[in-house]
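Trainee: According to my numbering, the sequence shown holds residues 19 to 388 in order.
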Amino acid sequence: MRHGFTTGSCAAASAKAAAYMLLTGKQKEQIIIETPKGLPYKAEILDISRTENEVSCAVEKDGGDDPDITTGTRIYAKVRYSEESGITIDGGTGVGRVTKPGLDQPVGNAAINHVPREMIQKEVLEVCEAVDYRGGLSVEISVPEGEKLAKNTFNPRLGIVGGISILGTTGVVEPMSSQALLDTIRVELTQRRALGYDYVAVTPGNYGQDYIKRTYEYDLDQSVKCSNFIGQTIDMAVELGFQKLLLTGHIGKLIKVAGGIMNTHSREADCRMELLAAFAVKNRVDIETVNQILECVTTEEAVRLLKESGRLQDVMQNVMERICYYLEKRADGKMEIDCEIYANEFGELAKSKGVEAWFTLLVQDAERQI
Numbered sequence: 019m020r021h022g023f024t025t026g027s028c029a030a031a032s033a034k035a036a037a038y039m040l041l042t043g044k045q046k047e048q049i050i051i052e053t054p055k056g057l058p059y060k061a062e063i064l065d066i067s068r069t070e071n072e073v074s075c076a077v078e079k080d081g082g083d084d085p086d087i088t089t090g091t092r093i094y095a096k097v098r099y100s101e102e103s104g105i106t107i108d109g110g111t112g113v114g115r116v117t118k119p120g121l122d123q124p125v126g127n128a129a130i131n132h133v134p135r136e137m138i139q140k141e142v143l144e145v146c147e148a149v150d151y152r153g154g155l156s157v158e159i160s161v162p163e164g165e166k167l168a169k170n171t172f173n174p175r176l177g178i179v180g181g182i183s184i185l186g187t188t189g190v191v192e193p194m195s196s197q198a199l200l201d202t203i204r205v206e207l208t209q210r211r212a213l214g215y216d217y218v219a220v221t222p223g224n225y226g227q228d229y230i231k232r233t234y235e236y237d238l239d240q241s242v243k244c245s246n247f248i249g250q251t252i253d254m255a256v257e258l259g260f261q262k263l264l265l266t267g268h269i270g271k272l273i274k275v276a277g278g279i280m281n282t283h284s285r286e287a288d289c290r291m292e293l294l295a296a297f298a299v300k301n302r303v304d305i306e307t308v309n310q311i312l313e314c315v316t317t318e319e320a321v322r323l324l325k326e327s328g329r330l331q332d333v334m335q336n337v338m339e340r341i342c343y344y345l346e347k348r349a350d351g352k353m354e355i356d357c358e359i360y361a362n363e364f365g366e367l368a369k370s371k372g373v374e375a376w377f378t379l380l381v382q383d384a385e386r387q388i
């Protein structure tokens with residue numbers, strides 16, 4: 019699959035081209051930068067606007083074969099002479115601004131992460147050295163579509179307002195990479211820890227958030243989505259010093275954890291019915307129902323069969339015991355973990371003993387957000 023280049027690479031390329039045109043007076047329609055990964059990026063320079071004291075141009079983001087909402091978006095750089103020494107970098111229209119602690123940039127800064135800043139600095143200084151320019155330059159990165167695009171990113175949840183972030187640690191977008199999701203989970207955990215919390219509620223996705231909101235009137239939008247990366251989220255939470263974690267999820271995801279599976283994506287493991295059938299056997303469900311469970315397409319259907327058998331509560335309590343065993347094993351005794359599983363049709367199926375204590379914490383959390 020074809021790789022692409024990050025918004026950070028696009029910003030660095032457009033800044034280098036703008037600096038070159040400002041300092042030499044020459045037109046530049048292509049530019050080459052070297053990404054931190056070591057791959058060269060040859061970018062087409064678009065929408066050039068030149069005056070005596072400033073130059074603006076753009077590079078169109080190409081995310082390769084990775085699905086990315088910023089693909090096709092133009093990342094602009096405006097470079098102008100500055101009375102300040104060195105290279106100053108800031109964000110303009112469509113680049114978000116940080117309003118909460120715990121992120122890559124301090125509160126008040128444009129959401130241009132440190133690696134893209136380093137890339138911009140390096141590429142612009144390279145131009146300055148080539149033409150022997152020793153004065154100051156001001157670089158402003160903007161994304162005209164950024165504010166609209168940001169509504170479909172995590173930025174509003176992270177307290178980044180007014181646009182998207184300029185991101186990238188390698189400068190290269192790996193197709194279908196899970197790293198971006200893991201990076202986002204780490205950012206959200208880090209931010210929550212920086213705000214003074216030593217406990218965190220986690221859910222794989224929107225369904226879990228909706229369930230918690232209906233059941234406890236707590237908006238999990240203030241907490242963390244772990245997607246399929248349950249094990250790695252626990253690892254990060256332990257590393258960051260969290261003392262308590264609540265995992266809430268649908269039986270379709272968390273039944274896999276009862277088998278010790280810590281990445282619940284279907285391409286990693288899909289043994290939902292086999293696990294449910296095994297727990298059914300252990301809890302003396304009749305063999306005909308066990309065979310029907312093995313033929314089920316959805317876990318909701320399997321839960322219905324268990325309910326009809328009269329053994330649902332026993333099975334789910336057994337499932338919860340095994341989930342907790344594997345969660346605690348992953349945390350290695352360094353963090354308390356509680357869990358709750360539910361089904362869309364049947365509501366709560368089982369919860370660990372410590373979940374009740376989370377009611378108070380979640381209420382306090384909600385009040386703290388007001």
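For glycine and all other residues, C-beta sits at the position ideal for the given N, C-alpha and C.
Determine which residues share a DSSP beta bridge with Ile93 and list them.
Mentor: DSSP output for Ile93 lists Val77 as bridge partner(s).
Trainee: Which same chain residues end up closer than 8 Å to Cys289 when comparing Cβ atoms and leaving out the 5 residues on each side of it in sequence?
Mentor: If we look at Cys289 and ignore the five residues flanking it on each side, its Cβ neighbours are Lys274, Gly277, Ile279.
Trainee: Helix, strand or coil: which one does DSSP assign to Thr106?
Mentor: Reduced to three states, the DSSP call for Thr106 is strand.
Trainee: Beta carbon of Glu318, beta carbon of Phe260: below 9 Å?
Mentor: Contact: no.
Trainee: Answer yes or no: does any C-beta atom of chain B fall closer than 9 Å to that of Gly26?
Mentor: The structure shown contains no chain B, having only a single protein chain.
Trainee: With three or more C-beta pairs closer than 8 Å as the rule, is the segment 19-38 touching the segment 176-191?
Mentor: Segments in contact, yes.
Trainee: Excluding five sequence neighbours on each side, which residues of the same chain lie with their C-beta closer than 6 Å to the C-beta of Ile388?
Mentor: A caution first: Ile388 carries a pLDDT of 47, below 50, which makes its placement in the model unreliable, though a value can still be read off. Correct list: empty, nothing qualifies.
Trainee: Residues in the same chain with beta-carbon distance under 6 Å from Ala212, minus the five sequence neighbours each way, listed in chain order, please.
Mentor: Answer for Ala212: Pro119, Gly120, listed in chain order.
Trainee: One question on the structure: do Arg112 and Leu64 come within less than 9 Å of each other, judged by their Cβ atoms?
Mentor: According to the sequence provided, residue 112 is Gly. The question's Arg does not apply to it. No.
Trainee: How many Å lie between Ala354 and Gln250 at the Cα?
Mentor: Residue 354 is actually Glu in this sequence, not Ala. If you take the alpha carbons of Glu354 and Gln250, they lie about 16 Å apart.
Trainee: Work out the CA separation of Met39 and Lys46 for me, nearest whole Å.
Mentor: Taking the straight line joining both Cα atoms gives about 6 Å.
Trainee: With DSSP as the reference, identify every bridge partner of Lys369, one or two as the case may be.
Mentor: Lys369 pairs with Glu358.
Trainee: Quick check: does the Cβ of Cys289 come within less than 8 Å of any heavy atom belonging to the ligand PLP?
Mentor: In the structure shown, the ligand PLP is absent, as is every other ligand, since no ligand is present at all.
Trainee: Is the CB-CB distance between Val256 and Asp356 below 9 Å?
Mentor: No, Cβ-Cβ distance for Val256 and Asp356 is not below 9 Å.
Trainee: Just verifying my parser: in three-state terms, what is the DSSP assignment at Lys300?
Mentor: Lys300 falls in the helix class under three-state DSSP.
Trainee: Since Val142 contacts Val157 with CB under 8 Å, what's their CB separation in whole angstroms?
Mentor: Contact holds; Cβ gap of about 6 Å.
Trainee: Look at the alpha carbon of Ile87 and the alpha carbon of Asn170, and state the distance between them as a whole number of angstroms.
Mentor: About 8 Å.
Trainee: Locate the alpha helix (DSSP H) running through Val133, then write down its first and last residues.
Mentor: It spans 132-148 - the alpha helix (DSSP H) in which Val133 sits, taken as one unbroken run.
Trainee: Which one of Leu176, Leu263, Thr307 has the shortest CA to CA distance from Cys342?
Mentor: The residue with the shortest Cα to Cα distance from Cys342 is Leu263.
Trainee: So, are the CB atoms of Asp203 and Gly114 less than 9 Å apart?
Mentor: The sequence given here has Ile at residue 203, not Asp. Cβ atoms of Ile203 and Gly114: not closer than 9 Å.
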